[in-house]
Structure formats: C-alpha cells, structure tokens
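Notes follow once the structure below has been shown.
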Amino acid sequence: MAPGPTQPIVIRDLTKEFNGFKAVDDLSLTVERNTFLGFLGPNGAGKTTAIKILTNLLDASSGSAYLNGIDVTRRPKQALAGIGAVVETPEFYPYLTPVQTLTYLGRLRGMPRQAIDERSRELLHLVLLTDWADKKIGKFSKGMKQRLALAQALLHRPHVLILDEPTTGLDPRGMVEIRNILKELKKENYTVFMSSHLLNEVQEVCDHVALIDHGKMLASGEVSELLKNKGCRMLEVRFLQPADDAALQRIGQLAGVVEVERLSPETVMVKLKGQEEEQADLLDAIRGLGTKVSSFGESGNPLEALYMSLIKETR
Amino acid sequence: MEANANATKNGTKTLPSDLQQVGVVAKYDVLKYLRSRRLLGILIIEALVLVLITALVATSDRPHTVDEVISQYIGFVSILIVLGATLFGGDAIVSEYQNRTGFLLFPNPVKKSSILAGKFASSVAAMSLMLLIYYAVAIVGGLLMGDGGMSTRVFASLGLALLYGISAIAVAFLISSIMKGSTGALILTFALFFLIFSIATSLIGQLGGIKPWFMLDFSGGSLSYIMNNPYPVDSVDTIGIGSGMSYTIYNYFPEVYLSIAVMLAYTVVSLVLAYVFFQRRQMAA
Chain F
0 MAPGPTQPIV IRDLTKEFNG FKAVDDLSLT VERNTFLGFL GPNGAGKTTA
50 IKILTNLLDA SSGSAYLNGI DVTRRPKQAL AGIGAVVETP EFYPYLTPVQ
100 TLTYLGRLRG MPRQAIDERS RELLHLVLLT DWADKKIGKF SKGMKQRLAL
150 AQALLHRPHV LILDEPTTGL DPRGMVEIRN ILKELKKENY TVFMSSHLLN
200 EVQEVCDHVA LIDHGKMLAS GEVSELLKNK GCRMLEVRFL QPADDAALQR
250 IGQLAGVVEV ERLSPETVMV KLKGQEEEQA DLLDAIRGLG TKVSSFGESG
300 NPLEALYMSL IKETR
Chain S
0 MEANANATKN GTKTLPSDLQ QVGVVAKYDV LKYLRSRRLL GILIIEALVL
50 VLITALVATS DRPHTVDEVI SQYIGFVSIL IVLGATLFGG DAIVSEYQNR
100 TGFLLFPNPV KKSSILAGKF ASSVAAMSLM LLIYYAVAIV GGLLMGDGGM
150 STRVFASLGL ALLYGISAIA VAFLISSIMK GSTGALILTF ALFFLIFSIA
200 TSLIGQLGGI KPWFMLDFSG GSLSYIMNNP YPVDSVDTIG IGSGMSYTIY
250 NYFPEVYLSI AVMLAYTVVS LVLAYVFFQR RQMAA
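Order-wise, the sequence lines are chains F and S.
Counting in numbering that gives the first Met the number 0, the first sequence runs from 0 upward without gaps.
Counting in numbering that gives the first Met the number 0, the second sequence runs from 0 upward without gaps.
What follows is the structure, encoded as structure tokens:
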C-alpha cells in the first residue's frame with residue numbers, strides 16, 4: 000500500500016546489489032512531513048546509493064522507494080515532481096550561466112517564465128550568487144557550484160529536499176554558508192533528508208537521524224530520544240591535582256562505570272552506563288573518594304558517541 | 000522561501016508533457032552547440048570546402064552544366080555528414096555521465112526518452128542547418144558557374160543527404176549510449192564511418208563479390224549517385240592478367256529506394272538500442 004501524505008519519503012525493504020555486493024541491504028525508513036532528518040553512516044555505508052535510488056539515478060535490486068506516495072522506481076517522473084535534490088557534487092553545463100541553468104531546469108518542470116525569473120533572483124540572493132548570475136559556470140569554484148546546486152533544488156518550492164552530503168569538499172567558509180542556508184530551510188515547511196558524515200553539522204541542523212552501516216539500518220528516530228536511550232555516555236573528569244592509579248582504580252569500581260581512561264595527569268575519561276541520574280550519582284561518588292573535581296561533563300559530541308558505539312557493534 | 004503547498008492530490012505538481020520537455024531539452028542542447036563553438040567550427044570547415052570547390056570549378060577550362068557543378072560540391076557531403084554526426088551526436092549521451100551533469104539533469108521529473116529525443120532533435124537540427132547551407136551555396140555556385148537549368152535531382156540528393164545525416168546521428172547516439180568516455184565515443188563514431196564501414200563495404204563488395212546494400216555508408220552513397228543521369232547500374236568486369244588468370248571488378252551502386260529503407264532501418268534500430276542502453280545506464284559513480 001502506498002504511504003500517506005504525512006510520510007513524504009518512505010523506503011521499504013530496499014536492496015541494491017553490485018555484482019553480489021549489497022550496498023543497500025533490506026533498508027526501510029520513513030521520513031515524516033516537516034522533519035529534518037540526518038542520514039548518517041561511514042564511507043561506503045550505502046547512504047549515497049540509497050539516495051541515488053530515491054532520485055532515480057540508480058535502479059533498486061528489490062524493494063520500493065516512495066516520494067510523496069509515488070513509487071520512484073515505477074513512476075519516476077511523477078515521483079520526482081515534488082522534490083528537489085542535490086546528489087554528490089553535480090556538475091553544471093559550463094556554457095550556461097546560473098540564470099540560464101535555473102531557467103532550463105524551471106522550464107523542464109513547467110514553471111512559467113516570470114515565476115522562474117523571480118524565484119531565480121530570490122534564490123541567487125539566498126546562495127550569495129547574485130553578482131555571478133550572468134557569468135558562465137565553467138569557471139565557478141566547487142563552493143559556488145554547491146550553492147547553485149542548492150538553489151536549483153529549491154527552485155520549484157518543493158515539499159521535500161534530498162541532499163547528499165551538501166557540505167562535502169567545501170572550505171570552512173563554504174560549509175558555514177551552506178549550513179546557514181540549511182538552518183533557514185529548517186524554519187520553513189520543508190521535509191529534508193540529508194546524508195552526511197559530519198556529526199556536528201547533523202546535530203546542529205537535524206531533528207531526526209537514521210544511522211546505517213553495511214547498507215543496513217542501525218537506528219533511527221528523534222535525535223533527543225536516541226541520545227536519551229543510547230545507554231552509555233562518555234564523561235570527562237578533570238581533577239585539581241594529578242590523579243594516581245589507585246584513584247583511577249577506585250573510580251573504575253564505582254556503580255555504572257564501564258571503563259576509565261587517563262587522558263592527562265589531571266584528566267580521565269569515564270564511560271558510564273546510564274543517564275542524567277547516574278551521571279549525578281557518579282559525581283557524588285567521585286567527590287566521596289576525597290578527590291577535588293575541577294570540571295565534570297559529557298565529552299565531545301554526544302551524537303558522535305552514539306554513532307561510534309553503534310558503528311563499533313557492526314564491525 | 001516557503002515550501003510550495005500548491006500540489007495536486009497525489010503530491011505532484013502539474014508537469015509539462017513529454018513533448019514539451021523534448022522541446023526544452025532540444026533548445027538548450029542547440030545552445031550547447033552554439034556556445035561550445037562546435038557548430039561554428041563545422042561551418043568554418045564547410046566554408047573552406049565550399050571555397051576550395053568553387054575555386055577549382057571556376058578555374059577549370061571545361062564547360063559544365065549546372066548539375067555537374069553541383070555534383071562537384073555534393074561529392075564532399077558524405078565527409079561533412081560524418082563530421083557532423085561525430086560532433087553533434089558522438090558524445091550527446093555519454094557526456095552527461097562523464098561530465099557528471101547527469102547528477103543535475105536526471106533527478107528532475109523528465110523521462111530519459113524525452114532527454115534522448117530532445118538531444119536527437121537538436122543534433123538533427125544542427126546537421127540540417129549545416130546541410131541546407133551547403134546545398135544552398137552549391138546551388139548558387141551551380142547557377143552562377145554552370146550552363147543550362149538545374150534538375151530536381153539536386154533536391155532528391157538533399158533529401159538523401161538529410162536522411163543519411165539523421166541515420167549517422169542515430170548511430171552516433173547508439174555509440175554514445177554505450178561508451179564510457181566522450182573522447183572514445185567521438186573517435187569511435189568517426190572511425191566507424193571513415194574506416195570500419197568503408198573497409199567492410201570494400202571487402203564485402205570488391206573481394207567478396209556481394210553487394211553491400213545493407214551497409215550504411217554504401218546506402219549513403221546514393222546522395223551522390225542520384226546526380227548522375229542515368230542512374231548508374233551494377234556491373235561486373237573481368238580483366239585478364241595473363242597466364243590464363245583473370246581479375247574480376249565488381250561495381251555496385253545503391254538502389255535509391257533500398258538505400259532509403261536501409262537508412263531508415265539504421266535510424267530506427269540505432270535509436271531504439273540507444274534508448275534501451277540509456278534507460279538501463281545508471282549514475283553509479
């Protein structure tokens with residue numbers, strides 16, 4: 000049965016084989032309307048393959064992929080009508096200008112000339128390419144092309160955006176620019192499905208994540224829920240004085256502590272099984288050992304810890 | 000910047016028809032030929048050929064009829080058609096993959112059949128423009144330098160040239176749908192017509208003694224032979240070379256209606272195969 004209007008992207012039992020190798024393996028995923036979902040996984044996990052199937056660039060070996068309730072593997076023209084996509088880093092026709100490129104793609108989608116003109120101006124302003132609107136794309140930098148790619152995906156005001164690692168290969172400034180545009184989109188009624196392996200980026204802009212590895216789904220759901228239920232957290236504890244081995248041994252014996260690792264004479268990393276409650280108990284317990292704690296808190300990116308623990312399990 | 004809520008019940012928007020999309024693809028592909036200077040390049044080659052032939056005919060002492068002068072020009076049309084098919088069709092499909100522009104074009108709601116048809120239409124338009132200019136100059140040259148009136152055979156030749164051009168582009172599209180690289184596709188298209196087809200046609204006809212009516216370049220030859228009055232007929236000549244040995248020369252000429260059928264067959268079969276390969280081809284990397 001085709002999915003309903005509240006689920007603009009639905010992947011069911013999707014498999015893609017390349018000469019016996021399963022790049023995507025029985026993958027199922029639903030993206031609810033108006034969510035910003037980060038599609039995470041290491042290199043070769045199958046993210047881009049799944050996105051290519053969704054955007055009709057690859058055929059599926061089996062399974063189905065629905066966009067706005069239409070099976071893209073069977074009726075790609077209709078399914079792709081309501082989406083905008085940036086897959087890998089697309090190249091543009093070097094003999095066209097940004098305005099001509101947007102006009103070409105707008106005409107293919109049946110947009111009226113005036114609407115294309117107005118929307119092109121608006122989007123080129125958004126992606127900071129107004130001054131380059133009438134210059135041929137042939138000599139554009141990768142960052143400029145990536146911003147233009149985002150503009151063409153937004154041209155027809157789609158409900159759904161599919162973005163494949165939109166900041167890959169960009170310099171820090173380019174990444175910030177793209178990320179700012181994504182944050183703007185988040186405020187609007189877009190459903191965004193974005194693959195990335197930049198966890199900071201995903202944590203910054205996404206409210207949902209799906210983690211895959213070896214083509215299989217590891218976990219998916221709201222970022223806050225996944226982090227709450229992830230089981231273990233990495234805590235960085237800094238003492239006022241250097242901690243000796245005996246102190247480390249005692250910490251290792253406290254309730255919920257899975258692992259203790261010395262980072263420097265004063266700093267240790269504690270892997271704790273539990274949530275906020277257990278974290279507070281641990282702090283009390285460490286203080287109870289008679290050592291003075293100068294700082295105590297979750298280490299690094301919590302999404303990264305979740306990602307690493309899930310990926311480790313599949314290795 | 001708000002997402003569009005103007006959608007139909009099933010979530011899709013009103014899209015242009017396949018035919019309208021063919022027109023859009025064709026228009027922007029013609030722009031490619033203009034901007035990449037391929038059309039300009041081939042028109043310069045065409046102009047050089049025309050100037051050379053005009054100079055040769057003008058400095059010739061022998062009086063010519065209008066048709067004879069035009070025949071001099073038409074003798075070079077096949078070469079121009081091969082060049083045109085190579086430049087306008089050789090990398091039409093493969094370039095979308097090699098240059099990664101397919102990542103931009105294919106996720107749009109447009110069927111691959113529409114993309115193929117649009118690109119084919121633009122290639123045919125460029126080829127037709129090239130041939131029409133060539134024949135126009137040839138006719139003007141014939142009327143200025145020749146005696147008597149012009150026969151309707153010139154227009155028949157133009158029709159055959161257009162058909163040969165279309166079928167050559169179709170073959171180029173087939174090659175383009177199979178090959179992995181643009182350069183390889185361009186070279187193979189050019190070599191196929193200039194070397195492979197012509198060698199095969201010679202071997203089949205001259206050595207095998209079999210009329211190569213099924214070869215595209217042989218059928219394309221009808222665009223020149225049709226200027227002859229009467230139209231040449233096949234002949235077999237046996238020449239004695241001494242010691243009781245002899246050598247047989249086969250002279251085969253394409254029959255006009257059969258050559259039209261062969262060119263149409265090449266066009267249809269090549270385009271169908273090009274579509275099948277294009278449809279199956281994936282943007283894997």
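Each residue gets a CB set at the ideal place from its N, CA and C atoms; glycine is no exception.
The structure displayed is predicted, hence computed values, not measured ones.
Would you say F/T266 lies against chain S (beta-carbon separation less than 8 angstroms)? It does not: the Cβ of F/T266 has no partner Cβ on chain S nearer than 8 angstroms.
Out of curiosity, what's the CA-to-CA distance linking S/A91 and F/A59? About 26 angstroms.
Report the partner residues of S/Y249 according to the DSSP bridge assignment. Looking at the DSSP assignment, S/Y249 forms a beta bridge with S/V235.
Assign F/K144 to buried or exposed, taking buried as 16 or more other Cβ atoms, counted over all protein chains shown, within 10 Å of its Cβ. Looking at its Cβ environment, which holds 16 or more other Cβ atoms inside 10 Å, F/K144 is buried.
Taking only beta-carbon atoms, is S/S175 less than 8 angstroms away from chain F? Not an interface residue.
In the DSSP assignment, the alpha helix (DSSP H) including S/F119 goes from what residue to what residue? First-last of the alpha helix (DSSP H) with S/F119: 111–144.
By the three-class DSSP mapping on this structure, what secondary structure does F/I161 have? In this structure, DSSP gives F/I161 an extended state, which the three-state scheme calls strand.
Secondary structure, alpha helix (DSSP H): runs of 4+ residues fully inside the region 164–199 of chain F: 171–185, all fully within the region 164–199 of chain F.
Quick check: is the beta carbon of F/A242 nearer than 8 angstroms to any beta carbon in chain S? F/A242 has a beta carbon lying at 8 angstroms or more from every beta carbon in chain S.
Sort S/D66, S/L86, S/D17 by Cα distance to S/I44 and report the nearest one. Checking every option, the nearest Cα to that of S/I44 belongs to S/L86.
How about S/S166 and S/V21: do their beta carbons lie closer than 8 angstroms? No, Cβ-Cβ distance for S/S166 and S/V21 is not below 8 angstroms.
Alpha helix (DSSP H) containing F/E16: first to last residue? Looking at the DSSP string, F/E16 is not in any alpha helix (DSSP H); the run it does join, the beta strand (DSSP E), is 8–17.
S/A260, buried or exposed, once every other Cβ within 10 Å from all chains shown has been counted against 16: The residue is exposed, with fewer than 16 neighbouring Cβ atoms inside 10 Å.
Of all the CB atoms in chain F, is at least one closer than 8 angstroms to the CB of S/K118? For S/K118, the answer is no, since every Cβ of chain F falls outside 8 angstroms of its Cβ.
Sequence ranges, alpha helix (DSSP H) only - wholly within the region 109–142 of chain F, length at least 4: Here the runs fully enclosed are 112–125.
Is F/R32 close to chain S? Criterion is C-beta to C-beta, closer than 8 angstroms. No, F/R32 does not count as interfacial toward chain S.
Identity of the residue in F/D280, F/V208, F/P97, F/E176 nearest F/V222 by Cα: That would be F/V208, whose Cα lies nearest to the Cα of F/V222.
Mind checking whether S/L173 and S/A273 have CB atoms under 8 angstroms apart? A contact, by the Cβ cut-off of 8 angstroms.
Using 8 angstroms as the threshold, is the region 288–296 of chain F in touch with the region 72–79 of chain S, meaning 3 or more CB pairs across them? No: the two stretches stay apart, fewer than three of their Cβ pairs being nearer than 8 angstroms.
Bridge partner(s) assigned by DSSP for F/R286: Per DSSP, none; premise fails for F/R286.
Any idea if S/T53 is buried or exposed, counting beta-carbon neighbours within 10 angstroms, 16 or more meaning buried? That one is buried.
Decide if S/D236 is buried, meaning its Cβ has at least 16 other Cβ atoms within 10 Å, or exposed. By the 10 Å Cβ count, S/D236 comes out exposed.
With 16 as the cutoff for other CB atoms within 10 Å, does S/E1 come out buried or exposed? Bear in mind that the predicted position of S/E1 carries a pLDDT of just 47, short of 50, making it unreliable; the figure below should be weighed with that in mind. Around the beta carbon of S/E1, fewer than 16 other beta carbons lie within 10 angstroms, which makes this residue exposed.
Interface residues of chain S facing F/D212 [CB-CB closer than 8 angstroms]: Ordered by position in chain S, no residue passes the 8 angstroms Cβ test against F/D212, which lies about 21 angstroms from the chain.
Which residue from F/Q202, F/D283, F/Q278, F/E277 puts its Cα closest to that of F/N300? For F/N300, the closest C-alpha among the options F/Q202, F/D283, F/Q278, F/E277 is that of F/Q202.
At a CB-CB cut-off below 7 angstroms, which residues of chain F make contact with S/N107? Neighbourhood of S/N107 in chain F, by CB distance below 7 angstroms: L79, L104, L107, R108, in chain order.
Less than 8 angstroms separating the beta-carbons of F/R261 and F/V269? Here F/R261 is not near F/V269, since their CB atoms are 8 angstroms or more apart.
In angstroms, rounded to a whole number, what distance separates the CA positions of F/P171 and F/Y94? So the two alpha carbons sit approximately 28 angstroms from each other.
Same chain, Cβ closer than 8 angstroms to S/L55, five either side skipped, listed in chain order: Cβ neighbours of S/L55 beyond the five flanking positions: Q71.
To the nearest angstrom, how far is the alpha carbon of S/S122 from that of F/H158? About 36 angstroms.
Grouping DSSP H, G and I as helix and E and B as strand, with all else coil, what is F/E401? The first residue shown for chain F is 0 and the last is 314, placing residue 401 of chain F beyond what the model contains.
Please state whether DSSP places S/G243 in a helix, a strand or coil. The answer is coil: DSSP assigns S/G243 none of H, G, I, E or B.
Residues bridged to F/A209 [DSSP beta-bridge criterion]: Paired residues: F/F38, F/S219.
Let me confirm a value: S/I168 is counted as buried when at least 16 other C-beta atoms fall within 10 Å, else exposed. Which label applies? It counts as buried.
In terms of residues, what are the limits of the beta strand (DSSP E) holding F/R232? Annotation for F/R232: the continuous beta strand (DSSP E) segment containing it runs 231–238.
Does F/K227 come out as helix, strand or coil in the three-state DSSP assignment? In the structure shown, the three-state DSSP call for F/K227 is helix.
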